[in-house]
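A.B. asks:
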Amino acid sequence: MRSIIRTALAAGSLLMSGSLVSAQTQTQRGEYLVTIMDCTGCHTPGTFLGKPDMQRPLAGSEVGFQIPGLGIFYPPNLTPDPETGLGRWSEADIIKAVRTGVRPDGRQLVPVMPYHSYGKLTDADAKALAGYLKSLKPVRNQVPGPLGANEKPSAPYLTVVMPR
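For the sequence shown, the positions run -22 to -1, 1 to 142 when mature numbering (1 follows the signal peptide of the UniProt record, and there is no 0) is used.
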């Protein structure tokens, strides 16, 4: 009887450690995806000013993009802060936004967010990406905007100027 109990405990221990390894691997995969997809390239404060604030990675940008005829859009806070970031979004909400460009409130993301390309993520990679974002330390950082085409910006933004 004792040998059966020991065997059961050992099997349970292996299953638990396997799920921890799997979760750790999924988080590492999410971090890898955030890196190769260059999420910090738009969503980290200071990046567009030449001084990325790596104390607040993925906390949103204070510099936006002007899309002619649409307005100015500031890369949002991707940390799980409930007030200024993705803290109230589920993993499914994040996956939908990354793949389709549609936020939980129904607003369409602008095409400067490459959701058309990210729509090709496998289910496992999309889940790893969303899980990683949910695992980050929440950073409270309210970004400006978005602003409509006729609204006056109070924060810097990038624009395209056509040659004359």
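The beta-carbon is built from N, C-alpha and C at its ideal position, and this holds for glycine as well.
The beta strand (DSSP E) with residue 143 in it runs from where to where?
C.D. replies: The requested residue 143 does not occur in the structure, where the chain is confined to residues -22 to 142.
A.B. asks: Are the beta-carbon atoms of T62 and N128 separated by less than 8 angstroms?
C.D. replies: Not in contact: T62 and N128 (Cβ atoms no closer than 8 angstroms).
A.B. asks: When DSSP labels each residue in this structure, what does M140 get in the three-state scheme?
C.D. replies: Three-state DSSP puts M140 in coil, outside helix and strand.
A.B. asks: From the DSSP output, in three-state form, read off L125 for me.
C.D. replies: L125 falls in the strand class under three-state DSSP.
A.B. asks: Could you name the residues of the same chain whose beta carbon sits closer than 7 angstroms to that of Y135, not counting the 5 residues immediately before and after it, in chain order?
C.D. replies: Correct list, in chain order: V41, G42, F43, Q44, I50.
A.B. asks: Where does G28 sit, in a helix, a strand or coil, going by DSSP?
C.D. replies: In this structure, G28 counts as coil in the three-state DSSP scheme.
A.B. asks: Look at the alpha carbon of R7 and the alpha carbon of R142, and state the distance between them as a whole number of angstroms.
C.D. replies: R7 and R142: Cα-Cα distance of roughly 46 angstroms.
A.B. asks: Just list the residues that DSSP pairs I14 with in beta bridges.
C.D. replies: Beta-bridge pairing links I14 to no other residue.
A.B. asks: Find the nearest neighbour of R85 within the set Y96, K98, D71, G97, judged by alpha-carbon distance.
C.D. replies: For the residues Y96, K98, D71, G97, the minimum Cα distance to R85 belongs to D71.
A.B. asks: Hey, would you say A75 sits closer than 8 angstroms to R66, going by beta carbons?
C.D. replies: Their beta carbons are not under 8 angstroms apart, which means A75 does not touch R66 by this criterion.
A.B. asks: Count the other C-beta atoms from every protein chain shown that fall within 10 angstroms of the C-beta of S68, then say buried if there are 16 or more, exposed otherwise.
C.D. replies: Under this definition S68 is an exposed residue.
A.B. asks: Would you decide whether G47 is buried or exposed? Buried here means 16 or more other CB atoms lie within 10 Å of its CB.
C.D. replies: Result: exposed.
A.B. asks: If you reduce the DSSP assignment to three classes, tell me which class V80 lands in.
C.D. replies: If DSSP states are grouped into helix, strand and coil, V80 belongs with the strands.
A.B. asks: Are there three or more Cβ pairs, one per stretch, closer than 8 angstroms when the segment 91 to 110 is compared with the segment 8 to 24?
C.D. replies: Enough Cβ pairs lie closer than 8 angstroms, so yes.
A.B. asks: Please report the straight-line C-alpha distance between T22 and M32, rounded to a whole angstrom.
C.D. replies: Rounded to whole angstroms, T22 to M32 spans 7 angstroms at the Cα level.
A.B. asks: Span of the alpha helix (DSSP H) holding G109?
C.D. replies: 101 to 113 is the span of the alpha helix (DSSP H), which, as asked, contains G109.
A.B. asks: Drop a sphere of 10 angstroms on the beta-carbon of G(-11), count the other beta-carbons inside from all chains shown, and report buried for 16 or more, exposed for fewer.
C.D. replies: Residue confidence for G(-11) is low, a pLDDT of 49 falling below 50, so the modelled location carries little weight; the figure read from the coordinates is stated next. By the 10 Å Cβ count, G(-11) comes out exposed.
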